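Each remark here refers to the structure printed beneath this line.
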Amino acid sequence: GAGVSQSPRYKVAKRGQDVALRCDPISGHVSLFWYQQALGQGPEFLTYFQNEAQLDKSGLPSDRFFAERPEGSVSTLKIQRTQQEDSAVYLCASSPQEQNTEAFFGQGTRLTVV
Amino acid sequence: AQRVTQPEKLLSVFKGAPVELKCNYSYSGSPELFWYVQYSRQRLQLLLRHISRESIKGFTADLNKGETSFHLKKPFAQEEDSAMYYCALSPLSNNDMRFGAGTRLTVKP
Numbered sequence: 136g137a138g139v140s141q142s143p144r145y146k147v148a149k150r151g152q153d154v155a156l157r158c159d160p161i162s163g164h165v166s167l168f169w170y171q172q173a174l175g176q177g178p179e180f181l182t183y184f185q186n187e188a189q190l191d192k193s194g195l196p197s198d199r200f201f202a203e204r205p206e207g208s209v210s211t212l213k214i215q216r217t218q219q220e221d222s223a224v225y226l227c228a229s230s231p232q233e234q235n236t237e238a239f240f241g242q243g244t245r246l247t248v249v
Numbered sequence: 258a259q260r261v262t263q264p265e266k267l268l269s270v271f272k273g274a275p276v277e278l279k280c281n282y283s284y285s286g287s288p289e290l291f292w293y294v295q296y297s298r299q300r301l302q303l304l305l306r307h308i309s310r311e312s313i314k315g316f317t318a319d320l321n322k323g324e325t326s327f328h329l330k331k332p333f334a335q336e337e338d339s340a341m342y343y344c345a346l347s348p349l350s351n352n353d354m355r356f357g358a359g360t361r362l363t364v365k366p
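So the sequence lines, in the order shown, correspond to chains A and P. As numbered in my numbering, residues 136 to 249 make up the first sequence, in order. As numbered in my numbering, residues 258 to 366 make up the second sequence, in order.
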């Protein structure tokens with residue numbers, strides 16, 4: 136597709152359930168980012184990949200959060216044993232090889248934990 | 258680590274008035290600065306970036322290294338400028354981009 140695609144768009148999970156959020160970046164984009172955006176807040180950095188290498192995961196809030204990008208394209212953000220505070224919009228963005236170019240964002244996945 | 262501060266969560270101006278959205282940053286190295294915008298029900302998108310030195314939709318932003326600021330300005334605000342605006346910083350050495358908390362701009366008729 137032409138842009139960054141995220142699925143599902145909406146996810147309702149019961150507390151304690153595991154969830155997996157998918158991001159399809161723009162084809163050929165080397166860098167991929169995950170952000171968490173709580174209601175009324177700005178995007179908070181979670182983790183960053185360059186190809187398949189996870190170069191920074193300092194923003195992951197707990198060991199319940201895990202991200203992977205095994206073949207350097209599609210990425211999955213997994214949240215284990217979801218809690219109510221995990222409710223947020225999870226944004227994925229990708230950017231091409233060149234340094235500091237524009238990041239292209241997906242529409243996000245809205246996760247609601249009940 | 259890099260940090261971006263947007264001191265105003267909300268900003269309201271009348272149509273035709275000048276607008277300035279403030280952004281301050283802290284980073285020990287050389288940064289690239291960006292402004293992103295999110296219109297209602299749309300995805301986050303790039304508005305402008307420091308390195309390109311462009312004026313987009315009448316907006317400009319000047320990097321002031323002495324004050325570590327990258328304020329966004331427009332001389333005459335329009336109603337269609339109403340949106341969330343996010344300042345972002347990326348080190349020149351990599352693509353590790355961080356965002357501020359955002360400013361919601363409302364332009365009143």
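Glycine is no exception: its CB is placed at the ideal position from the N, C-alpha and C atoms. Note that the coordinates shown come from a computational prediction; the quantities given were computed from them, not determined experimentally.
Residue i burial status per 10 Å Cβ neighbour count (16 or more: buried)
{"i": "arginine 310 of chain P", "result": "exposed"}
{"i": "arginine 144 of chain A", "result": "exposed"}
{"i": "lysine 331 of chain P", "result": "buried"}
{"i": "proline 160 of chain A", "result": "buried"}
{"i": "glutamine 263 of chain P", "result": "buried"}
{"i": "serine 162 of chain A", "result": "exposed"}
{"i": "glycine 359 of chain P", "result": "buried"}
{"i": "glycine 177 of chain A", "result": "buried"}
{"i": "tyrosine 296 of chain P", "result": "exposed"}
{"i": "aspartate 221 of chain A", "result": "buried"}
{"i": "alanine 334 of chain P", "result": "buried"}
{"i": "alanine 238 of chain A", "result": "buried"}
Close-in-space but distant-in-sequence residues of the same chain around residue i (CB under 6 Å, 5 per side omitted)
{"i": "alanine 173 of chain A", "result": "Ala223"}
{"i": "phenylalanine 271 of chain P", "result": "Lys365"}
Sequence-distant residues of its chain with Cβ nearer than 7 Å to residue i (five each side left out)
{"i": "serine 339 of chain P", "result": "Leu362, Thr363 and Val364"}
{"i": "histidine 164 of chain A", "result": "Ser229, Ser230 and Pro231"}
{"i": "leucine 305 of chain P", "result": "Trp292, Glu311, Ile313, Phe316 and Ala318"}
{"i": "glutamate 187 of chain A", "result": "Arg204, Pro205, Glu206 and Gly207"}
{"i": "arginine 157 of chain A", "result": "Gln141, Ser142, Val209 and Thr211"}
{"i": "glutamine 242 of chain A", "result": "Gln141 and Arg144"}
{"i": "glycine 323 of chain P", "result": "none"}
For residue j and residue i, believed in contact at Cβ under 8 Å, the rounded distance
{"i": "leucine 349 of chain P", "j": "glycine 273 of chain P", "result": "With a Cβ gap of about 37 Å, leucine 349 of chain P and glycine 273 of chain P do not count as contacting."}
{"i": "glutamine 215 of chain A", "j": "arginine 150 of chain A", "result": "With 8 Å as the limit, glutamine 215 of chain A and arginine 150 of chain A do not qualify as a contact, their Cβ atoms being about 12 Å apart."}
{"i": "valine 249 of chain A", "j": "valine 139 of chain A", "result": "About 27 Å separates the two Cβ atoms, so there is no contact after all."}
{"i": "leucine 329 of chain P", "j": "tyrosine 342 of chain P", "result": "6 Å"}
{"i": "glutamine 152 of chain A", "j": "threonine 217 of chain A", "result": "5 Å"}
Beta-carbon proximity of residue i to residue j, cut-off 8 Å
{"i": "threonine 244 of chain A", "j": "glutamine 171 of chain A", "result": "no"}
{"i": "serine 347 of chain P", "j": "cysteine 280 of chain P", "result": "no"}
{"i": "leucine 167 of chain A", "j": "cysteine 227 of chain A", "result": "yes"}
{"i": "glutamine 302 of chain P", "j": "phenylalanine 240 of chain A", "result": "yes"}
{"i": "tyrosine 225 of chain A", "j": "leucine 246 of chain A", "result": "yes"}
{"i": "alanine 155 of chain A", "j": "lysine 192 of chain A", "result": "no"}
{"i": "leucine 267 of chain P", "j": "leucine 278 of chain P", "result": "no"}
{"i": "proline 275 of chain P", "j": "tyrosine 282 of chain P", "result": "no"}
{"i": "proline 366 of chain P", "j": "glutamate 337 of chain P", "result": "no"}
Same chain only: Cβ atoms within 8 Å of residue i, ignoring 5 sequence neighbours per side
{"i": "alanine 345 of chain P", "result": "Val261, Leu290, Phe291, Trp292, Tyr293, Met354, Arg355, Phe356 and Gly357"}
{"i": "glutamate 265 of chain P", "result": "Leu278, Lys279 and Thr360"}
Any C-beta of chain D under 8 Å from that of residue i
{"i": "asparagine 321 of chain P", "result": "Of the protein chains in this structure, namely A and P, none is chain D."}
Residue i beta carbon near the ligand GDP (any heavy atom closer than 7 Å)
{"i": "valine 209 of chain A", "result": "In the structure on display, the ligand GDP does not appear, and there are no ligands present to speak of."}
Taking one C-beta from the segment 303-321 of chain P and one from the segment 286-293 of chain P each time, how about it: are there three or more such pairs within less than 8 Å?
Taking a cut-off of 8 Å on C-beta distances, the segment 303-321 of chain P touches the segment 286-293 of chain P, as three or more cross pairs fall below it.
Report yes or no: do three or more beta-carbon pairs, one from the segment 167-184 of chain A and one from the segment 198-209 of chain A, lie closer than 8 Å?
Three or more Cβ pairs drawn from the segment 167-184 of chain A and the segment 198-209 of chain A lie within less than 8 Å of each other, which places the two stretches in contact.
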